[in-house]
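The next block holds one structure in the form of structure tokens; read it before the comments.
2 protein chains.
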Amino acid sequence: MNRRTFHRAPEGERRQELIEATLDCIAEFGLKGATVRQIAIRAGVTAGLVRHYFDSKDQMVAEAYRAVIASLTEKAQNVEGDPATRLREFIAVNFTEPVADSRSVSLWAAFISQVRVDPVLAEIHREGYLAFRNTLQELLSEFLAAKGRSASEEECRRYAIAINGLVDGLWVEGCLAGDLFRDGELVSIAMASVEAVLGLPIEN
Amino acid sequence: MNRRTFHRAPEGERRQELIEATLDCIAEFGLKGATVRQIAIRAGVTAGLVRHYFDSKDQMVAEAYRAVIASLTEKAQNVEGDPATRLREFIAVNFTEPVADSRSVSLWAAFISQVRVDPVLAEIHREGYLAFRNTLQELLSEFLAAKGRSASEEECRRYAIAINGLVDGLWVEGCLAGDLFRDGELVSIAMASVEAVLGLPIEN
DNA sequence: GAAATTATTATACGCTTGAATAATATCGGC
DNA sequence: GCCGATATTATTCAAGCGTATAATAATTTC
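First to last, the protein sequences are chains A and B. Numbered according to the working numbering, the first sequence terminates at residue 208, and the numbering increases by one at each position without gaps. Numbered according to the working numbering, the second sequence terminates at residue 208, and the numbering increases by one at each position without gaps.
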């Protein structure tokens with residue numbers, strides 16, 4: 005009975021691999037198909053190792069959720085340029101890979117479905133949603149100011165809620181059934197709708 | 005060892021009870037917490053009965069999914085009155101119980117997360133989405149006609165996609181974190197946004 | 001280069017799972 | 001009011017679950 009050979013992964017790397025493997029399994033087999041053993045196989049290690057890096061499977065899943073939220077928001081946070089360009093980019097990013105991907109929405113939905121069950125996930129969701137929406141609100145505020153239109157914080161809040169909903173809704177459907185839409189159609193619809201809501205063109 | 009007493013449920017009734025119990029369990033414990041045994045307890049029967057009514061647990065879950073989609077769309081399909089009233093009602097229904105409820109969105113998300121895994125669920129989702137969107141498109145077409153504005157089918161399609169996305173996105177966030185919004189705020193934002201997108205007031 | 005450290009494997013345990021089977025209580029037809 | 005049909009219960013089963021523990025291979029330290 006020979007023991008498997010292995011290598012000790014550098015600081016933090018194995019943790020990251022396990023989280024990534026967790027997400028792969030959830031996307032591929034669903035939450036209940038993402039077992040410790042499957043995840044370990046995917047990460048190329050044995051099952052016992054999970055408990056060396058995490059207190060429990062649930063804790064690992066929660067951290068994986070954090071990673072998903074981060075990946076969905078980070079792309080949108082880091083847009084650059086003048087306000088109009090940033091707003092355009094912010095919207096477009098959600099209809100471009102890797103955000104616009106059936107894997108992303110599967111993961112998102114899997115976690116959303118647990119928000120009611122698990123208060124830890126509920127809190128993570130809340131933070132992620134607010135971060136995303138507040139970024140958008142800030143962006144809108146700057147955009148409207150640059151266009152010379154005065155808008156109260158309250159107005160910006162309402163715009164942010166609406167546009168966030170619009171983008172989220174289109175994102176979900178686009179990811180789930182992309183073949184129902186033509187190429188670039190969703191981003192075009194999103195842009196036109198945002199312009200209508202704001203009553204301003206988003207071009208420079 | 006006395007055997008439990010029971011009564012034989014009338015035609016089809018037990019099936020319905022089992023489906024309802026399945027949804028209760030998914031909403032309360034998540035997909036992986038909705039075990040045959042939990043579902044049976046909830047339905048007030050023993051676990052073995054599930055396989056008397058369904059070929060497998062998976063088939064029962066798929067039928068439960070159909071029931072969810074139906075309940076989410078039926079309220080919106082059955083609005084009455086003149087076009088503007090129907091459009092207003094169509095939107096408002098999504099922000100009123102029982103549609104606007106954390107249980108609903110939990111169930112929706114649980115199934116959405118499986119769309120990538122299970123082709124049967126994918127097809128059910130697709131049908132449900134298109135039914136909802138086509139109803140909305142029809143409604144918009146009539147509304148615009150009544151307002152004397154000519155709109156091609158293509159235009160109506162784009163409006164339907166946008167408004168569907170908007171309503172869905174707001175619905176999800178409202179259900180998940182209702183306390184982030186004031187009473188009636190979401191429906192008010194939805195109405196205002198729809199008016200802006202269409203460029204028309206929705207009042208009579 | 002031996003010794004100490006620890007990341008990793010291997011194995012086992014108790015529980016829960018979905019499903020198959022056999023026994024039986026309920027009910028409609030006569 | 002019995003009798004056949006069947007809806008329902010009770011029990012069992014193998015497989016898979018998350019986790020605990022002990023052995024061991026890889027790396028670091030001195």
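Think of the CB as a built atom: it goes at the ideal place given N, C-alpha and C, for glycine as much as any other residue.
CA-CA distance, B/S60 to B/V54, rounds to 8 Å. Against chain B, the CB of A/Q118 has a partner CB under 8 Å away; the residue lies at that interface. At a cut-off of 8 Å, the C-beta of A/F33 has a neighbouring C-beta in chain B. Going by C-alpha positions, B/I206 is about 18 Å away from B/T100. Within the segment 177-201 of chain A, contact with chain B at the beta-carbon level (separation under 7 Å) is assigned to E177, L180, A181, I193, S197, A200 and V201.
Using a Cβ-Cβ cut-off of 8 Å, B/K36 counts as an interface residue toward chain A, since at least one Cβ of chain A sits closer than that to its own. Counting along the chain, the unbroken alpha helix (DSSP H) around A/E146 starts and ends at P123 to A150. The criterion of a C-beta distance shorter than 8 Å is satisfied by B/A47 and B/A25. Contacts with chain A (Cβ-Cβ distance below 7 Å) from the segment 156-167 of chain B involve R162, I165 and A166, listed in chain order. Look at the segment 110-134 of chain A: the residues with a C-beta under 7 Å from a C-beta of chain B are S110, A113, A114, I116, S117, Q118, V119, R120, V121, H129, R130 and Y133.
Taking the C-beta atoms as reference points, A/L180 is found nearer than 8 Å to A/S106.
From the beta-carbon of B/L174, the residues of chain A found nearer than 8 Å are I165, A166, G169 and G173.
When the Cα atoms are used, B/L174 and B/R8 turn out to be separated by approximately 47 Å.
The continuous alpha helix (DSSP H) containing A/K61 extends over residues K61 to Q81. The shortest CA-to-CA distance from B/N208 to any of B/E142, B/A150, B/S197 and B/L202 is the one to B/A150.
Counting along the chain, B/H56 sits inside the alpha helix (DSSP H) bounded by residues V54 to Y57. Here B/H129 is buried. Its C-beta has 16 or more other C-beta atoms within 10 Å.
Excluding its 5 nearest sequence neighbours in each direction, A/A155 has C-beta neighbours in its own chain below 6 Å: L148, listed in chain order. Taking C-alpha positions only, B/G16 is separated from A/G132 by approximately 44 Å. Per DSSP, A/A31 is one residue of the alpha helix (DSSP H) stretching across E17 to F33. Note on geometry: alpha-carbon atoms of A/D172 and B/E93 lie some 22 Å from one another.
Along the segment 97-110 of chain A, going in chain order, the ones with a CB nearer than 8 Å to a CB of chain B are S106, R107, V109 and S110. By the neighbour-count definition (other C-beta atoms within 10 Å, threshold 16), B/Q81 is an exposed residue. Below the 8 Å Cβ cutoff, chain B contributes A200 as neighbours of A/G203, in chain order. For B/I206, no alpha helix (DSSP H) encloses it, and the DSSP letter there is neither H nor E.
Burial of A/L27 is indicated by the presence of at least 16 other C-beta atoms within 10 angstroms of its C-beta.
With fewer than 16 other CB atoms across the displayed protein chains lying within 10 angstroms of its CB, B/E127 is exposed.
The beta carbon of B/V97 is closer than 8 Å to those of K79, A80, V83 and V103 in its chain, skipping five residues each way along the sequence. For the pair of segments examined, the segment 186-194 of chain A was found not to touch the segment 183-198 of chain B: the number of CB pairs separated by less than 8 Å stays below three.
The Cβ atoms of A/Y57 and A/R19 lie closer than 8 Å to each other. Per DSSP, reduced to three states, the secondary structure at A/D187 is coil, with no helix or strand assignment.
Taken atom to atom, the span from the alpha-carbon of B/S75 to that of A/I167 is near 27 Å.
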